[in-house]
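*Asks:*
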Amino acid sequence: MDALHYLVLLVSVLFIVYQFTANRRNQHKNLPPSPPGVPIIGHFHLLRNPIHQALSKLSNKYGPIVYLRLGSRPTLVLSSRSAIEECFPNNDIIFSNRPNLPSRKPLEYDYNTLGAPYGNHWRNIRRFSVIEIFSARRLQMSSEIRIEEIRFMVKHLYTNFVKGVRKVDMKAFFYTIAFNIVMRMVAGKRCFEDDELDLEITKGKLDDLVEMFGPLVTVALGDYFPFLRWLTYYGEEMRLHKIHKRKDTFIQALLDAHQNTTSSFTSIDDRKTSQTIIDVMLKLKESEPEFYTNDVIKGMIQAMLIAGTHTTATTMKMVFSQLISHPDVLQNAKDEIDNHVGNSRLVNDTDLTKLPYLHCVIYETLRLGPGGVLPPRESSEDCTVGGYHIPRGTQLLVNTRAVHRDPELWKEPDRFKPERFLESEEEKERFKYIAFGIGRRICPGEGLGMRVMALSLGTLIQCFDWEETTDESQGPSKTNLNKPKKRPLEIVFRPREALTKVLAQL
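Per the working numbering, residue 11 is the first one in the sequence shown, and the count goes up by one each step.
#1: For Asp-266, does the count of other Cβ atoms within 10 angstroms reach 16, so buried, or fall short, so exposed?
#2: Do you know how far the Cα of Asn-100 is from the Cα of Asp-218?
#3: Use the C-beta contact count for Asn-4: other C-beta atoms within 10 angstroms, 16 or more gives buried, fewer gives exposed.
#4: What first and last residue would you give for the beta strand (DSSP E) that runs through Pro-505?
#5: Tell me the DSSP secondary structure of Arg-377 in three-state form.
#6: So, at 6 Å on beta carbons, what are the nonlocal neighbours of Pro-116 in its own chain, with the 5 sequence-adjacent residues on each side left out?
#7: What residue from Ser-152, His-166, Asp-233, Phe-162 has the CA that sits closest to Ala-197's CA?
#8: Assuming Thr-321 and Gly-459 form a contact by the criterion Cβ under 8 Å, report the distance between their Cβ atoms to the nearest whole angstrom.
#9: Output needed for Asn-342: all residues of its chain with C-beta closer than 7 Å, excluding positions within five of it in sequence on either side, in chain order.
#10: Extract the residue ranges of the beta strand (DSSP E) inside the segment 93-134, only unbroken runs of 3 or more that lie entirely within it.
#11: Leaving out five residues on either side along the sequence, give the residues of the same chain with a beta carbon under 6 Å from the beta carbon of Met-314.
#12: Considering only C-alpha positions, which residue in the set Ser-66, Lys-67, Pro-112, Cys-370 is nearest to Glu-246?
#13: For a test of the three-state rule: what should DSSP assign to Lys-364, helix, strand or coil?
#14: I need the straight-line Cα distance from Asp-233 to Arg-239, nearest angstrom please.
#15: How big is the Cα-Cα spacing for Asn-190 and Arg-415?
#16: Assuming Tyr-185 is part of the alpha helix (DSSP H), what are its boundary residues?
#17: Secondary structure at Glu-433, three-state DSSP: helix, strand or coil?
#18: Alpha carbon to alpha carbon, how far is Tyr-168 from Arg-176?
#19: Per the contact definition of three or more C-beta pairs closer than 8 Å, is the segment 402-415 in contact with the segment 82-89?
#20: DSSP state of Trp-476, grouped into three classes?
#21: Assign Ala-93 to one of two classes, buried (16 or more other C-beta atoms within 10 Å of its C-beta) or exposed (fewer than that).
#22: Whole angstroms are fine: how far does the CA of Ala-323 sit from the CA of Leu-292?
#23: For Leu-509, I'd like the list of residues in its chain whose CB is within less than 7 Å of its CB, leaving aside the five on either flank, ordered along the chain.
#24: In or out: Met-180 buried (at least 16 other Cβ within 10 Å) or exposed?
#25: Please determine, among Phe-144, Lys-199, Leu-470, His-131, the residue with the shortest C-alpha to C-alpha distance to Val-357.
#26: How about Arg-91 and Val-329: are their beta carbons less than 7 Å apart?
#27: Would Lys-308 and Ile-261 be called neighbours here (beta carbons separated by less than 7 Å)?
#28: Contact defined as beta carbons within less than 8 Å: I believe Ile-448 pairs with Trp-476. What is the distance between those atoms, to the nearest angstrom?
#29: Considering only DSSP beta bridges, list what Cys-393 is partnered with.
#30: Using 10 angstroms around the beta-carbon of Gly-318, count the other beta-carbons present and answer buried if the total reaches 16, otherwise exposed.
#31: Just curious, the alpha helix (DSSP H) that Gln-312 is in, first and last residue?
#32: How many Å lie between Gly-125 and Glu-154 at the Cα?
#33: Skipping 5 residues on each side, what residues in its chain have a beta carbon closer than 6 Å to that of Glu-433?
#34: Identify the continuous beta strand (DSSP E) that holds Pro-84 and give its terminal residues.
#35: How many Å lie between His-254 and Met-222 at the Cα?
#36: Just to confirm, is the Cβ distance from Leu-384 to Thr-363 under 7 Å?
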């Protein structure tokens, strides 16, 4: 152990020397304001969860453009609309890379996902996603899937009500919808069939899927302290790799099931809704094998199952939390649906353009949370932001929470007020509302996500009356986005009398 201690001490000293010389090289540069740091760790000690609050405190003290050093990684933090405007669009290409974190390389199939480094390979991946998954044509083709899966779960709710079940766990409910929709788009089959929904094993299966395809929110210290990676690898990084191994086995099984079926699709441009995303990629692999490798195909499937489920389910759960806490908003949304759709049929995709208030409820929920910081980017060369010098290899963090709660941009910024998006189109102007990202790395799945959320929420609002459960030991639970409750969001539901006949025919 003595030799190990000496080795760690030696590496630490060398790292301190490296940091010192790097700081000396940058002394003549006009770097942004920065708080006092600590040797080796830099400013890591200033970051606490939730991260957006820690970054907001720093911006309140040092300004909207702050320079941090997180271990070996210089980091730029932008916390205002004006700071973002100083950075984009002029530096959009420079900041179009994602940080190449060593721990994420195997988790992202050697960077063969939508998080790939900026360049021709990334553009090809992005082009495929935009044309073959998120284009207007593809969204129209998948419309039937969304309608069927949402009505499948609504029928399950109604059947449970008839059996005497009056409560529903909204987190599990929305995750089930999201996984079923995305899985049918990707592989042509559901994750959960009707006979599984009431079994205890379903919870275990759902928890397993959420663990595999949930966001990787933890930090592998070896990414920020390379000289310690050999020590930290067997901690958090090893845990992530074990999860990825299970996830890869799951994705490989989906591919194996489709390997012998692609011959039934004679054209890449086939308009059949039965043509899944896997089918399309396997067909394209025949003509472009150098691009559509197994890693690219797996990376795209993984991206769909991560981005298409967690964010969607989490946002829908938060929307319901807000609706239950604001009965007037829930009634307004219900009235809008009743006026435009009626009670003789259920909401469908073609109705969504006639339900602006419902969309405003979703936009307002996204404005208030939960995402506080956009996924990080990294500069590919030296640049200037706000008159400050930003070195190459600087990680960029954009504090969306600070922008979305800025009282200079939003009237009553902490108030849940969906109608603000009806009052003026300026509410969604660029750099003011950035829930889906900025520039070249903006989320390509916004259209699909909004359709799934609007159709799901609209159908549930139309079909049922809702109220939050009462815990006799604690009284009614209160929903607060600033301090989310730890208890599951369980809601009491009952079919609306005017829709009973329609529900019984599902």
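Here a beta-carbon is modelled for each residue, glycine too, at the ideal position from N, C-alpha and C.
Just so you know, these numbers come straight off a predicted model, no measurement behind them.
*Replies:* Once the coordinates are examined:
#1: Residue mapping note: residue 266 aligns to position 256 of the sequence shown, counting from 1. Exposed, by the Cβ-count rule.
#2: Translated into positions along the sequence shown, residue 218 becomes position 208. Translated into positions along the sequence shown, residue 100 becomes position 90. Cα-Cα distance, rounded: 43 Å.
#3: The chain is shown only over 11 to 516; residue 4 falls outside these bounds and no answer can be derived.
#4: Against the sequence shown, residue 505 aligns to sequence position 495. It spans 500-505 - the beta strand (DSSP E) in which Pro-505 sits, taken as one unbroken run.
#5: Against the sequence shown, residue 377 aligns to sequence position 367. In the three-state reduction of the DSSP assignment, Arg-377 falls in the helix class, which pools H, G and I.
#6: Start at 1 with the first residue of the sequence shown, and residue 116 comes out as number 106. Closer than 6 Å at Cβ, skipping near neighbours: no residue.
#7: Along the sequence shown, read from residue 1 onward, the residue named residue 197 stands at position 187. It is Ser-152 whose Cα lies nearest to the Cα of Ala-197.
#8: Here residue 321 refers to the residue found at position 311 when the sequence shown is read from its first residue. Here residue 459 refers to the residue found at position 449 when the sequence shown is read from its first residue. At roughly 7 Å, the Cβ-Cβ gap stays under 8 Å, so Thr-321 and Gly-459 are in contact.
#9: To locate residue 342, count along the sequence shown from 1; it is residue 332. Closer than 7 Å at Cβ, skipping near neighbours: Tyr-367.
#10: DSSP runs (the beta strand (DSSP E)) wholly in the segment 93-134: none.
#11: The sequence position of residue 314 within the sequence shown is 304, counting from 1. Val-192, Val-196.
#12: Residue numbering aside, residue 246 sits at position 236 when the sequence shown is read from its first letter. Of Ser-66, Lys-67, Pro-112, Cys-370, the residue nearest in Cα terms is Pro-112.
#13: On the sequence shown, position 354 is the one that residue 364 refers to. Looking at Lys-364 - three-state DSSP - the assignment turns out to be helix.
#14: For the purposes of this step, residue 233 is identified with residue 223 of the sequence shown, where counting begins at 1. For the purposes of this step, residue 239 is identified with residue 229 of the sequence shown, where counting begins at 1. Asp-233 and Arg-239: Cα-Cα distance of roughly 7 Å.
#15: Numbered from 1 along the sequence shown, position 180 holds the residue referred to as residue 190. Numbered from 1 along the sequence shown, position 405 holds the residue referred to as residue 415. Annotation: Asn-190 to Arg-415 spans about 34 Å, alpha carbon to alpha carbon.
#16: Along the sequence shown, one-based indexing puts residue 185 at 175. Taken as a continuous stretch (DSSP letters only), the alpha helix (DSSP H) holding Tyr-185 covers 180-197.
#17: Residue 433 sits at position 423 when you count from the first residue of the sequence shown. Here Glu-433 sits in helix by DSSP.
#18: Against the sequence shown, residue 168 aligns to sequence position 158. Against the sequence shown, residue 176 aligns to sequence position 166. Computed Cα separation, rounded: 10 Å.
#19: With a cut-off of 8 Å, the segment 402-415 and the segment 82-89 count as touching, because enough Cβ pairs lie within range.
#20: Within the sequence shown, the letter at position 466 stands for residue 476. Three-state result, Trp-476: strand.
#21: Within the sequence shown, the letter at position 83 stands for residue 93. With 16 or more other Cβ atoms within 10 Å, it is buried.
#22: Translated into positions along the sequence shown, residue 292 becomes position 282. Translated into positions along the sequence shown, residue 323 becomes position 313. Taking the straight line from one Cα to the other gives about 29 Å.
#23: Here residue 509 corresponds to residue number 499 of the sequence shown, with the count starting at 1. Hits under 7 Å: Asn-353, Gln-472, Cys-473.
#24: What you label residue 180 is simply residue 170 of the sequence shown in a count that begins at 1. By the 10 Å Cβ count, Met-180 comes out buried.
#25: In the sequence shown, residue 357 corresponds to position 347, counting from 1. Considering only alpha carbons, the answer is Leu-470.
#26: Reading the sequence shown from its first residue, position 81 is the one you call residue 91. Reading the sequence shown from its first residue, position 319 is the one you call residue 329. For Arg-91 and Val-329, no; Cβs fall outside 7 Å.
#27: Position 298 of the sequence shown, counted from the start, is the residue given in the question as residue 308. Position 251 of the sequence shown, counted from the start, is the residue given in the question as residue 261. Contact: yes.
#28: One-based indexing of the sequence shown puts residue 448 at position 438. One-based indexing of the sequence shown puts residue 476 at position 466. Their Cβ separation, rounded to whole angstroms, is 35 Å, which puts Ile-448 and Trp-476 out of contact at 8 Å.
#29: Stepping through the sequence shown from its first residue, residue 393 is reached at position 383. Answer is Ile-400.
#30: Translated into positions along the sequence shown, residue 318 becomes position 308. Its Cβ being crowded by 16 or more others within 10 Å, Gly-318 is buried.
#31: Residue 312 sits at position 302 when you count from the first residue of the sequence shown. Per DSSP, Gln-312 belongs to the alpha helix (DSSP H) from 304-317.
#32: If you number the sequence shown from 1, residue 125 lands on position 115. If you number the sequence shown from 1, residue 154 lands on position 144. Straight-line Cα distance between these residues: approximately 29 Å.
#33: Walking along the sequence shown from the start, residue 433 turns up at place 423. Result list for Glu-433: empty, nothing under 6 Å.
#34: Here residue 84 corresponds to residue number 74 of the sequence shown, with the count starting at 1. First-last of the beta strand (DSSP E) with Pro-84: 83-88.
#35: Here residue 254 corresponds to residue number 244 of the sequence shown, with the count starting at 1. Here residue 222 corresponds to residue number 212 of the sequence shown, with the count starting at 1. Cα to Cα, His-254 sits roughly 7 Å from Met-222.
#36: Your numbering for residue 384 matches position 374 in the sequence shown. Your numbering for residue 363 matches position 353 in the sequence shown. No.
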